[in-house]
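First to last, the sequence lines map onto chains A and B. So that you can map any letter, position 98 of the first sequence is 87 in our numbering, and since no number is skipped, the others follow by simple counting. So that you can map any letter, position 174 of the second sequence is 163 in our numbering, and since no number is skipped, the others follow by simple counting.
Number of protein chains: 2
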Amino acid sequence: MSQPVDSGREQLARAARRHSTATVLYHHAVAERLGLGPSDHKCLDLLLQHGELTGSRLARMTGLTTGAVTGVVARLEAAGFLHRRPDPADGRRQLLRPVPERVEEVAAVFAEDGPDLDRLTAGMTREQVDAVLTFLSRATDELAACASRLRARALLVGAARASSRAPTHPERAEEDA
Amino acid sequence: MSQPVDSGREQLARAARRHSTATVLYHHAVAERLGLGPSDHKCLDLLLQHGELTGSRLARMTGLTTGAVTGVVARLEAAGFLHRRPDPADGRRQLLRPVPERVEEVAAVFAEDGPDLDRLTAGMTREQVDAVLTFLSRATDELAACASRLRARALLVGAARASSRAPTHPERAEEDA
DNA sequence: TCGATATCGCTTAGGAGATGAGCGAGTATA
DNA sequence: TATACTCGCTCATCTCCTAAGCGATATCGA
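Right, here's the structure in full:
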C-alpha cells in the first residue's frame, strides 16, 4: 500500500461503502419486520425526523411520485402509524404526523434488534465520539445533497426526453432530508 | 438536557438515524441513476464487495427469494454489470462476478456525485479518523447481525404460519454481508 | 378584481418486480 | 445405491410504482 494517507482514505472509502450496504439491508429488514414496504419505512422515518410533513414534501424528499405517496400514506394510516389532518392554512394540503403509540413500537424494534450504540463506541474517548458525531453529521448532509443532485439530473434527462409538458412528477428534488 | 453522557448517546442515536435515512435515499438515487432497481443495486454492491458469489448466497444475504435473485441476475447481466459462469466444482451453481469496465462506470458515479471523503474528515487528526473507522466497522458488523436476526425471526413466523414444508425461501439468513 | 397559472392530493391504467410454489438437474448423506 | 437436500429456474399472482390527468385550492399579474 502507498502512503499512509492514501491508505487511510481508501480504507475509509471501503468502510463507508460496506457500512452503506449494511445500512440499506438492515433498513429493508426492519421494514419487513414492521410489515411495511421499503418506501413506507422510508417515509415513516422522514416523518419521525421532521414531526409533521405534507405529502408533496414527502414526494420531493424521497423522489417518489405523488401517486406513490398517496399509496404510502394510505398504507401507513391504515396500519395506524400516521395521522393526517387538513392544513388550516392551505386547503389543498394534508398535514401528516406519526402516531406516538405506534412510534414507540418502532422504537422497540430498534431497541430489541438494533445496533447497540454503547458497544459501538466502547473504549472511545469523548473526543473520539465527537469525531464520529461530526463525521456522521457531515456525511448526512453530503448524502442528502448528492441524492438531490442525482435526482435533479435524472429529472433533467427525463424532461429532455419528454420535452416540456411537466407531469405530476416532483419538479425538483429537495436538499432537505 | 440530563447528563453529558446521556445527551451524547442520544445525540449519537439521532445522528446515526438521520445518517441511516440519508444513506437509504442516496442508495436509491444512485440505483436510479444507473438505471437499476434498488434490489439490483443492492446485489451489485454485495458483488463488488465480495468479488464472486453464487445466486443462493446472494438470496440469503439480501433476504430475497431465489426467484427474485434470478430476475436480478438476469437484469444485471443484460445491462452488462455482471458475468456468470458455471461453478466447476458444483454443477448446480453459477458463479457471479462484476464486470470490471462497467464497475468503473459505477465508481465514476460515486466520484462525480458521491460524498467527498476528504471534506468529511477535514480538520480531523489521524486518531479521530481512526475512531470513525472503528465506529463504521463495528456498526457494519452490528447492522449485518441485526438484519440477519430480524430476517431469521420473520422466517420463524412464516414457518409457524405455513407449518413445516420449507419453500424455496432462504432457509436462514446469513450473518455475512 | 379577476383571469391565468401553479400546486396540492387523488385516481386510473399499465408495467416492473417480488413472492410463493413447484420443477429438473446435480450433490451429499445414509 | 437410495434418499434427501440444494441449486437455479419458471410460472401465476400480487403489490407497488410510474405516467398521465382531474378537480380543488392558491397565487400571481394585469
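Each residue gets a CB set at the ideal place from its N, CA and C atoms; glycine is no exception.
Which chain A residues are close to residue i, counting only those with a beta carbon under 8 Å from its beta carbon?
| i | result |
| --- | --- |
| Cys32/B | Under the 8 Å cutoff, chain A gives no residues; its nearest Cβ is about 10 Å from Cys32/B. |
| Phe70/B | Neighbours of Phe70/B on chain A: none; closest Cβ ~16 Å, over 8 Å. |
| Gly40/B | Within chain A, no residue comes near Gly40/B; the closest Cβ sits about 13 Å away, beyond 8 Å. |
Given that residue i touches chain B, what residues does it touch there, using C-beta distances under 8 Å?
| i | result |
| --- | --- |
| Asp105/A | Glu131 |
Could you please give me the residues that DSSP links to residue i through a beta bridge?
| i | result |
| --- | --- |
| Thr43/B | Leu84/B |
| Asp79/A | Asp76/A |
How would you write the range of the beta strand (DSSP E) that residue i sits in, first residue to last?
| i | result |
| --- | --- |
| Leu71/B | Leu71 to Pro75 |
Starting from residue i, find everything on chain B with Cβ-Cβ shorter than 9 Å and list it in chain order.
| i | result |
| --- | --- |
| Glu21/A | Gly52, Leu139, Arg140 and Ala143 |
By the DSSP assignment, the alpha helix (DSSP H) with residue i in it spans what residues?
| i | result |
| --- | --- |
| Gly56/B | Thr55 to Ala67 |
| Pro89/B | Pro89 to Asp102 |
| Asp107/A | Leu106 to Leu109 |
Which residues of chain A have a Cβ atom closer than 9 Å to the Cβ of residue i, listed in chain order?
| i | result |
| --- | --- |
| Thr12/B | His8, Ser9, Thr12, Val13, His16, Ala128, Thr129 and Leu132 |
| Pro198/B | As shown, chain B starts at -10 and ends at 166. That puts residue 198/B outside it, with no answer to give. |
| Leu36/B | Simply none; closest approach about 11 Å. |
Give the interface partners of residue i over in chain B, defined as CB-CB distance under 7 Å, in chain order.
| i | result |
| --- | --- |
| Asp76/A | The contacting residues do not exist; Asp76/A stays about 24 Å from chain B at best. |
| Leu109/A | Phe124, Arg127, Ala128 and Glu131 |
| Asp102/A | Cys135, Arg138 and Leu139 |
| Gln174/A | Lying before the first or after the last residue shown, residue 174/A is absent from chain A, which here runs from -10 to 166. |
| Ala96/A | By Cβ distance, chain B contributes nothing, its closest Cβ being about 10 Å from Ala96/A, past 7 Å. |
Could you name the residues of chain A that residue i contacts, counting a contact when the two beta carbons are closer than 7 Å?
| i | result |
| --- | --- |
| Arg91/B | Under the 7 Å cutoff, chain A gives no residues; its nearest Cβ is about 17 Å from Arg91/B. |
| Gly80/B | Those do not exist, as Gly80/B stays about 30 Å from chain A at its closest Cβ, beyond 7 Å. |
What do you reckon, is the C-beta of residue i under 7 Å from a heavy atom of the ligand FAD?
| i | result |
| --- | --- |
| Leu47/A | Annotation note on the ligand FAD: not contained in the displayed structure, which lists no ligands. |
Inspect the CB distances between the stretch 36 to 49 of chain A and the stretch 76 to 96 of chain A and report whether three or more fall short of 8 Å. Short answer: they touch.
How do the stretch 60 to 67 of chain B and the stretch 21 to 35 of chain B stand: do at least 3 beta-carbon pairs fall below 8 Å, yes or no? Taking 8 Å as the limit for Cβ pairs, the verdict is that the stretch 21 to 35 of chain B does touch the stretch 60 to 67 of chain B.
Counting beta carbon pairs with one atom in the stretch 121 to 140 of chain A and one in the stretch 100 to 116 of chain B, are three or more of them shorter than 8 Å? yes
Positions along the stretch 43 to 67 of chain B whose CB lies within less than 7 Å of some CB in chain A: Thr51 and Gly52
Please name the residues in the stretch 112 to 128 of chain A whose beta-carbon is closer than 9 Å to at least one beta-carbon of chain B, in chain order. Gly112, Met113, Thr114, Arg115, Glu116, Gln117, Val118, Asp119, Ala120, Val121, Leu122, Thr123, Phe124, Leu125, Ser126, Arg127 and Ala128
May I ask you to verify whether the stretch 8 to 17 of chain A touches the stretch 0 to 19 of chain B, counting CB pairs closer than 8 Å and requiring at least 3? yes
State whether the stretch 122 to 132 of chain A contacts the stretch 105 to 123 of chain B, with contact taken as three or more CB pairs (one from each stretch) at a distance under 8 Å. Yes, the stretch 122 to 132 of chain A is in contact with the stretch 105 to 123 of chain B.
Should the stretch 115 to 122 of chain A be regarded as contacting the stretch 113 to 127 of chain B, the criterion being three or more beta carbon pairs within less than 8 Å? yes
Count the CB pairs spanning the stretch 73 to 86 of chain B and the stretch 38 to 54 of chain B that are closer than 8 Å, and state whether there are at least three. yes
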